[in-house]
Structure formats: structure tokens, C-alpha cells
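Chemist:
Number of protein chains: 2
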Amino acid sequence: MGTVLKALELLDLFTRAQPLIGLSDLARQAGLNKATCYRLATSLCDFGLVEQVGPAREYRLGPAVLRLAALREAQVPTQEAAMPILQTLANATGETAHLSLMMGQHLRPLAHAYSATHSTRVMLEDTESFPFHATSSGLATLAFQPESLQRLVLSQPLQKLTRLTETDPLVISARLETIRSQGWAESRGGYEADVHSIAAPLFDTFGHCIGALSVAAVSSRMNDSQRSAIRPVLIRAAQEITSLWGGSPPPAIAAIWHKAA
Amino acid sequence: MGTVLKALELLDLFTRAQPLIGLSDLARQAGLNKATCYRLATSLCDFGLVEQVGPAREYRLGPAVLRLAALREAQVPTQEAAMPILQTLANATGETAHLSLMMGQHLRPLAHAYSATHSTRVMLEDTESFPFHATSSGLATLAFQPESLQRLVLSQPLQKLTRLTETDPLVISARLETIRSQGWAESRGGYEADVHSIAAPLFDTFGHCIGALSVAAVSSRMNDSQRSAIRPVLIRAAQEITSLWGGSPPPAIAAIWHKAA
DNA sequence: AACCATCGGTTCAAATATCAAACCGAAGCA
DNA sequence: TGCTTCGGTTTGATATTTGAACCGATGGTT
Numbered sequence: 000m001g002t003v004l005k006a007l008e009l010l011d012l013f014t015r016a017q018p019l020i021g022l023s024d025l026a027r028q029a030g031l032n033k034a035t036c037y038r039l040a041t042s043l044c045d046f047g048l049v050e051q052v053g054p055a056r057e058y059r060l061g062p063a064v065l066r067l068a069a070l071r072e073a074q075v076p077t078q079e080a081a082m083p084i085l086q087t088l089a090n091a092t093g094e095t096a097h098l099s100l101m102m103g104q105h106l107r108p109l110a111h112a113y114s115a116t117h118s119t120r121v122m123l124e125d126t127e128s129f130p131f132h133a134t135s136s137g138l139a140t141l142a143f144q145p146e147s148l149q150r151l152v153l154s155q156p157l158q159k160l161t162r163l164t165e166t167d168p169l170v171i172s173a174r175l176e177t178i179r180s181q182g183w184a185e186s187r188g189g190y191e192a193d194v195h196s197i198a199a200p201l202f203d204t205f206g207h208c209i210g211a212l213s214v215a216a217v218s219s220r221m222n223d224s225q226r227s228a229i230r231p232v233l234i235r236a237a238q239e240i241t242s243l244w245g246g247s248p249p250p251a252i253a254a255i256w257h258k259a260a
Numbered sequence: 000m001g002t003v004l005k006a007l008e009l010l011d012l013f014t015r016a017q018p019l020i021g022l023s024d025l026a027r028q029a030g031l032n033k034a035t036c037y038r039l040a041t042s043l044c045d046f047g048l049v050e051q052v053g054p055a056r057e058y059r060l061g062p063a064v065l066r067l068a069a070l071r072e073a074q075v076p077t078q079e080a081a082m083p084i085l086q087t088l089a090n091a092t093g094e095t096a097h098l099s100l101m102m103g104q105h106l107r108p109l110a111h112a113y114s115a116t117h118s119t120r121v122m123l124e125d126t127e128s129f130p131f132h133a134t135s136s137g138l139a140t141l142a143f144q145p146e147s148l149q150r151l152v153l154s155q156p157l158q159k160l161t162r163l164t165e166t167d168p169l170v171i172s173a174r175l176e177t178i179r180s181q182g183w184a185e186s187r188g189g190y191e192a193d194v195h196s197i198a199a200p201l202f203d204t205f206g207h208c209i210g211a212l213s214v215a216a217v218s219s220r221m222n223d224s225q226r227s228a229i230r231p232v233l234i235r236a237a238q239e240i241t242s243l244w245g246g247s248p249p250p251a252i253a254a255i256w257h258k259a260a
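In C-alpha cells, the structure reads:
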């Protein structure tokens, strides 16, 4: 693997649960030699992507990420544009709404919004990346990726995360076909046993799928009437976000969505 | 220079003025071989720090920066906490307020706020990094850096950006001493001929200087009364931001600021 | 059509950075 | 006193990165 990727993967170790990491920890968790890790971390530090704090000289994400984010948002107002829609979706459904984007070969959460309706809710503060085969967002996204990526994902061993996780590539392949024909995806407890979720894909200017919008509910609340209530508002929200980003779904999906919403 | 830094320096080529860059351009501007640049850009792409768009496959900053920024803000609410103070400062002075932070060895702009008072204003949309010797922010920050960094900066050739840029290390060294004793810095046309600015340093929890807050005005408006009006509100804003970030100035500066504000 | 420049991307010896392990001084703890 | 862990540095064997040349495609010009 490339040096640069190794360095960047260090960044992924920082989470809300673990915002500060010492050198030895960093090396252990990244599976790197300490000397190598030190040099990589120093490079990241020089650029300001991480910074060292305190007498223990632990590392944390640095101010440079803010500068880059401001630049990105100025060019492609992704987050800012999507947030209100996300919150509206959460409020309308009474459940957790979240938005994930393809970053490299991973599907990563970008933003989420909670509803105040119920005292139990699906939390996803600390998720780093969503498995394609076990989440509605993952399935919705994968269904519209180039076939080569689909094959790659399905040819790797698929982890059985819960009792309900589907891990048969053939079954999943069939589901992807269904998703393409109906314009949305569903996962019943495939990622966390007591979470059901529904997701719709998001598209860019070229009609390429770049991520998914999803509503995740505590299983006990997800009955048939709830599911059919969520679907149209989810799809409308996905349409809105897609068009706000200057994107457009492929014609086939646009047609299905038009009927469904 | 390390591979990782080379890759990261690619990120610095993306600006508001040049948000999309093709492979050949990227290589030229970074001074890298095209093959090298390609691999580096691919690595950045794999992580999502940049993405390729359009039929020309040009690169631009990717969605991963948003994810990282969200994490950083959750841990250290830098930007969010400072923005309202920045805007208030701009309004109170009728000029452009901006905030810069040390990232690695560079001082880089993080956020800025404009005042609607005048139809001419100082714009800094596209600044990548501020020279230490020629800006008030740079001087204010440099004055409180470790001596080793001060020596490093002053031993390198200092560019004469305008007729008024001071480039004599000895003179600058003396100015830094003044800045330390008065708690603020000033630059009269040293960066852009018709811009005068005043800056105050910002400190972290450990009393280390991590950047500066500055008010930049069109020279013609910066008379003595304006200068002495700006100074106290600037210092109060710097105190506010520092304490909002959980930081505190070294005792000597705290005392001076207390009197000056 | 023929030409030419340039684009994104690839190839392969030669140069360079990475690795594992051992080491350093400092700090924390018996 | 000894034992462990920390951040950081050094070493020589080894794997990766590098740069020049190359490829096919694209888009003007003549």
C-alpha cells in the first residue's frame, strides 16, 4: 500500500470516542512501525492536518481540515445545502436521518439529524464507514455503482454482523437488481439487530451515484404503515438534495421516483 | 521532502480561484513529475480528500475534508465559536476582520468577516498563507513563537512585497520585541500597498500562541483616531476568542490587554 | 486527412524511503 | 531500586517511489 494512504489512514483513527491518540497507540492501531508512524504523523503535523497537544504530545485533528472544508463548501456547498433537508426529514419521520457519501471505496457518514419525537433513537456518532452489504445506505449506493466495483465488493468476504445480515453474494446481487427497479433500498437489522432502515441513492451532475440518504428507525417502531409513510418523504428529500447539488438521477430512476413520491 | 508532504501540498493548490485542476496542471504547479503526481493524486482520491469530476477527469477537493472538519469541530469548536465574534468585530470597526492559525510552519487564514459599512473593503478570498514578516497577523503570531522558529523565519530571505515591506531581520526582531511588550502588532502596507492592519495574538490552553486575529483596513481610512478605536475592540475580541477556545494568554499579555481594553 | 500538441494514464531501471528491532532519556509506579 | 511505558531516534536490509520515456485518445490547424 502507498505511503500516502498509510498516512491518511491515520486520520481515520480519530473519532468522537477517541479524539486524542498518542504515538504508540497510533502505531499500534494503524498496524505500523513506530518509527514509520512517527514520520507520517510528523508530516501530517507539518501540514496542520493533525496537531500535537499537551505535555503528553498526543495527536488530534488539526486546523487545516477546517481550511480545506471551507474551500470545499465554497465550491460545492454539500453539507450546508443538505442539512436543513436532513433535519426536515428527521422531523417528518420522527426517526434518525443520515447522509453518506462515497469517499474512495468506502461509504462514509457525512451528516445526520435526529428527531425529538421519541426517547429512543438510532445514534451514529461514531460510525466510520458503512458496509455495503449490510446497510440500506450501502445497498442503495452499491446498486448504482459501476459493475466492476459491485463485483469487487461482493467478491470480498462479507461479514455477518447480526443474525439477520445477508452474506450470500448471489442473494445480494438479486437485491441490488430490485433496488435499481424500485429506486430505494431497505435493511432489516442487517447492521444492528434492532435497527431497520430505508435509503435512497443520491446522484451527481453526471447521473453517477455518489452516496445515499437514509432514515434509520428502531425496529419496534418500523411497521408496515411507518415504512410506507417514510418511503415517499425519503424519496422527495433525496430528489431535493440531488437537485440542490446540481445533480440529477438517471432517467429511469427519475421516472420511478416521480411516481413513488 | 517526504512523500506525504508532497501529496498534501497538492491540496494547497486548490483555491477559490482555481477549484478544478487537471493532472498535468497539478504536476506542473506542484513541480512534480506527472507519474508521481498521478500516484499521489490517486491516493488522495482513494481517501476522498480529492475527487475527479467530469469528462476531463479534473481534480477538486473531496467530501472527506467535510467529515474530518466535522470531527475536529466536535472536539475543538474553533470556527463555530469564533465566527460571531469575528463578524461583530468587522461590524464594530467597519473593516475586514480575519482570523489565521498556525498550520505546520505556515500561518493560514481560517475565517474572515466583512463589514457592509464601506463600499471598498479588504478582500482575502484567495490568500493561501500569510508571510510572517509582512503582515500584522504574521508579526503578532511570530512574536510569540518559540525562538527557534523566529530565527528560522528571519534567517530565510524575506520577500519585499511592496515598497513598504520591511525585510531587515534586525529591524523585524526589534519590532517583535515591541509587539511582545504592547500585546498587538501593526503592518502599514507591508503586504499590500494600500492595506493597513492591526492584529492581536491568540493563545491555547498552554499559553502557546496559535494564531492571530486581525482587522485590515484600506489605508486611506486608517488614520490615528481609527487606529486607536480599533485597538481596544480588537483586543477584547482576541480575549473573547482565546477564552472561548479554552485558552489563556501568558500572564504578562493578560495584564497588558486588561489595561488596553 | 495528415499533423501536432496535449491530455490522462502506464511502464521500468535507478534512487529513495520504509521496515523491524534495538536503543535513548524521561516519567510513572512499585 | 527496578520495571514499564512513553515519545522519539538510529541502524542496515529491503521494498517503494521516482522520473523519463511511452501509450492511446482527443482536439485543433492546416
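Chains A and B, in that order, give the protein sequences. To convert, note that position 209 of the first sequence is 208 in numbering that gives the first Met the number 0; the numbers rise steadily by one, no gaps. To convert, note that position 143 of the second sequence is 142 in numbering that gives the first Met the number 0; the numbers rise steadily by one, no gaps. Each residue gets a CB set at the ideal place from its N, CA and C atoms; glycine is no exception.
Suppose contacts are defined by Cβ-Cβ distances below 7 Å. Is B:H111 in contact with B:L100 by that definition?
Modeler: Start at 1 with the first residue of the second sequence, and residue 111 of chain B comes out as number 112. Start at 1 with the first residue of the second sequence, and residue 100 of chain B comes out as number 101. Going by C-beta atoms, B:H111 is not nearer than 7 Å to B:L100.
Chemist: Give the straight-line distance between the Cα atoms of A:L4 and B:G47, rounded to the nearest whole angstrom.
Modeler: The count along the first sequence starts at 1 and reaches residue 4 of chain A at position 5. The count along the second sequence starts at 1 and reaches residue 47 of chain B at position 48. For A:L4 and B:G47, the distance between alpha carbons rounds to 11 Å.
Chemist: Quick one, which of A:F129, A:E57, A:S224, A:Q225 has its alpha-carbon nearest A:V152's?
Modeler: Along the first sequence, one-based indexing puts residue 152 of chain A at 153. The option with the nearest alpha carbon to A:V152 is A:F129.
Chemist: Please determine, among A:V217, A:I229, A:A211, A:E239, the residue with the shortest C-alpha to C-alpha distance to A:M102.
Modeler: Numbered from 1 along the first sequence, position 103 holds the residue referred to as residue 102 of chain A. A:M102 has its Cα closest to that of A:A211, out of A:V217, A:I229, A:A211, A:E239.
Chemist: Given a threshold of 16 other Cβ atoms within 10 Å of its Cβ, counted over all protein chains shown, does A:M0 qualify as buried or as exposed?
Modeler: Here residue 0 of chain A corresponds to residue number 1 of the first sequence, with the count starting at 1. Exposed, since its Cβ has fewer than 16 Cβ neighbours within 10 Å.
Chemist: Using a Cβ cut-off of 7 Å (strictly closer), state whether A:M122 contacts chain B.
Modeler: Taking the first residue of the first sequence as position 1, residue 122 of chain A is located at position 123. No, A:M122 lies away from the interface with chain B (no Cβ there is under 7 Å from its Cβ).
Chemist: Nearest CA to the CA of B:T2: which residue from B:P54, B:S23, B:A29, B:G93?
Modeler: Sequence index remark: in the second sequence, residue 2 of chain B carries index 3 (1-based). Measuring from the Cα of B:T2, the nearest candidate turns out to be B:A29.
Chemist: Using a threshold of 6 Å, is the CB atom of A:L201 nearer than that to any non-hydrogen atom of the ligand GTP?
Modeler: With respect to small molecules bound, the structure shown includes none, and the ligand GTP cannot be examined in it.
Chemist: As an exercise, report each continuous beta strand (DSSP E) stretch of at least 3 residues that is fully enclosed by the region 80-159 of chain B, in chain order.
Modeler: With a minimum length of 3 residues, the continuous beta strand (DSSP E) runs that stay inside the region 80-159 of chain B are 95-102, 105-112.
Chemist: Express the C-alpha separation of A:A260 and A:S180 in angstroms, rounding to a whole number.
Modeler: The sequence position of residue 180 of chain A within the first sequence is 181, counting from 1. The sequence position of residue 260 of chain A within the first sequence is 261, counting from 1. Approximately 15 Å between the Cα atoms of the pair.
Chemist: Thinking just about the alpha-carbon of each residue, which of B:N32, B:A192, B:P231, B:I234 is nearest to the one in B:S218?
Modeler: In the second sequence, counting from the first residue as 1, residue 218 of chain B sits at position 219. Nearest of B:N32, B:A192, B:P231, B:I234 to B:S218, Cα basis: B:A192.
Chemist: Going by other Cβ atoms of all chains shown within 10 Å of its Cβ, with 16 needed for buried, is A:G53 buried or exposed?
Modeler: Here residue 53 of chain A is taken as the residue at index 54 of the first sequence, counted from 1. By the neighbour-count rule (16 or more Cβ atoms within 10 Å), A:G53 is not buried but exposed.
Chemist: Assuming B:A215 contacts B:S227 (C-beta within less than 8 Å), just tell me the rounded distance between them.
Modeler: Walking along the second sequence from the start, residue 215 of chain B turns up at place 216. Walking along the second sequence from the start, residue 227 of chain B turns up at place 228. B:A215 to B:S227, Cβ: 17 Å. No contact.
Chemist: Just to confirm, are B:D203 and B:G137 a CB contact at a threshold of 7 Å?
Modeler: By 1-based counting over the second sequence, the position of residue 203 of chain B is 204. By 1-based counting over the second sequence, the position of residue 137 of chain B is 138. No; because the gap between Cβ atoms is not below 7 Å, this pair is not in contact.
Chemist: For A:M102, return the contacting residues in chain B, with the cut-off set at a CB-CB distance below 8 Å.
Modeler: For the purposes of this step, residue 102 of chain A is taken as the residue at position 103 of the first sequence. Ordered by position in chain B, the residues that pass the 8 Å Cβ test against A:M102 are F46, G47, G61, P62, A63, R66.
Chemist: Please state whether DSSP places A:Y37 in a helix, a strand or coil.
Modeler: Locating residue 37 of chain A in the first sequence gives position 38, counting from the first residue. Residue state, collapsed to three classes: helix.
Chemist: Are the CB atoms of A:A236 and A:L106 nearer to each other than 7 Å?
Modeler: Sequence index remark: in the first sequence, residue 236 of chain A carries index 237 (1-based). Sequence index remark: in the first sequence, residue 106 of chain A carries index 107 (1-based). Result no, Cβ atoms of A:A236 and A:L106 do not sit closer than 7 Å.
Chemist: Nearest chain A C-beta to B:T2 closer than 7 Å, yes or no?
Modeler: Here residue 2 of chain B refers to the residue found at position 3 of the second sequence. Judged by the 7 Å Cβ criterion, B:T2 is in contact with chain A.
Chemist: What residues in the region 154-188 of chain A have a beta carbon less than 9 Å from any beta carbon of chain B?
Modeler: Here the close residues number zero.
Chemist: According to DSSP, what are the bridge partners of A:V214?
Modeler: Indexing the first sequence from 1 puts residue 214 of chain A at position 215. DSSP output for A:V214 lists A:A96, A:I197 as bridge partner(s).
Chemist: From what residue to what residue does the alpha helix (DSSP H) around B:E8 run?
Modeler: Numbered from its first residue, the second sequence carries residue 8 of chain B at position 9. 2-10 is the extent of the alpha helix (DSSP H) around B:E8.
Chemist: Report the three-state DSSP secondary structure of A:L19 (helix, strand or coil).
Modeler: In the first sequence, residue 19 of chain A corresponds to position 20, counting from 1. It is coil, neither helix nor strand.
Chemist: If you measure between the beta carbons of B:L9 and A:V64, is that distance less than 7 Å?
Modeler: Within the second sequence, residue 9 of chain B is the residue found at index 10, counting from 1. Within the first sequence, residue 64 of chain A is the residue found at index 65, counting from 1. For B:L9 and A:V64, no; Cβs fall outside 7 Å.
Chemist: CB-CB under 8 Å to A:T35, same chain, minus the five flanking residues each way: which ones, in chain order?
Modeler: As a working mapping, residue 35 of chain A is identified with position 36 in the first sequence. Within the same chain, A:T35 has close Cβ partners K5, A26.
Chemist: Output, in sequence order along the chain, the residues in the region 70-88 of chain B whose CB is closer than 9 Å to any CB in chain A.
Modeler: Those residues of the region 70-88 of chain B that come within reach of chain A (Cβ to Cβ, closer than 9 Å) are L70, R71, E72, A73, Q74, V75, T77, Q78.
Chemist: For A:E50, report the span of its alpha helix (DSSP H) as first-last.
Modeler: The residue labelled residue 50 of chain A in the question sits at position 51 within the first sequence. No alpha helix (DSSP H) holds A:E50; the beta strand (DSSP E) holding it covers 49-52.
Chemist: Just the C-alpha distance for B:S242 and B:A198, rounded to the nearest angstrom, thanks.
Modeler: The residue you call residue 242 of chain B lines up with position 243 of the second sequence. The residue you call residue 198 of chain B lines up with position 199 of the second sequence. So the alpha carbons of these two residues sit roughly 17 Å apart.
Chemist: Got a sec: is the Cβ-Cβ distance from B:P249 to anything in chain A below 7 Å?
Modeler: Taking the first residue of the second sequence as position 1, residue 249 of chain B is located at position 250. No, no contact with chain A.
Chemist: Check each residue of the region 3-18 of chain B: if its Cβ is closer than 9 Å to any Cβ of chain A, include it; give the result in chain order.
Modeler: Answer in chain order: V3, L4, K5, A6, L7, E8, L10, D11, F13, T14, R15, P18.
Chemist: Contact criterion: CB-CB distance below 7 Å. Does A:S128 meet it with respect to chain B?
Modeler: For the purposes of this step, residue 128 of chain A is taken as the residue at position 129 of the first sequence. So, not an interface residue.
Chemist: 7 Å is my cut-off, CB to CB: does A:L138 come that close to chain B?
Modeler: In the first sequence, counting from the first residue as 1, residue 138 of chain A sits at position 139. Chain B contact via Cβ: absent.
Chemist: How far does the beta strand (DSSP E) with B:R59 in it reach, from first residue to last?
Modeler: Within the second sequence, residue 59 of chain B is the residue found at index 60, counting from 1. Taken as a continuous stretch (DSSP letters only), the beta strand (DSSP E) holding B:R59 covers 57-60.
Chemist: I'd like to know whether the C-beta atoms of B:G189 and B:T164 end up nearer to each other than 7 Å.
Modeler: Mapped onto the second sequence, residue 189 of chain B falls at position 190. Mapped onto the second sequence, residue 164 of chain B falls at position 165. Taking 7 Å as the Cβ cut-off, B:G189 and B:T164 qualify as a contacting pair.
Chemist: Given this structure, state the Cα-to-Cα distance separating B:P18 from A:N222, to the nearest angstrom.
Modeler: Here residue 18 of chain B refers to the residue found at position 19 when the second sequence is read from its first residue. Here residue 222 of chain A refers to the residue found at position 223 when the first sequence is read from its first residue. Each residue's alpha carbon lies about 46 Å from the other.
Chemist: Got a sec: is the Cβ-Cβ distance from B:L243 to anything in chain A below 7 Å?
Modeler: The residue you call residue 243 of chain B lines up with position 244 of the second sequence. It does not; no Cβ of chain A falls within 7 Å.
Chemist: May I ask you to list the residues that DSSP assigns as paired with B:A184?
Modeler: Taking the first residue of the second sequence as 1, we reach residue 184 of chain B at position 185. B:A198, per the DSSP bridge assignment.
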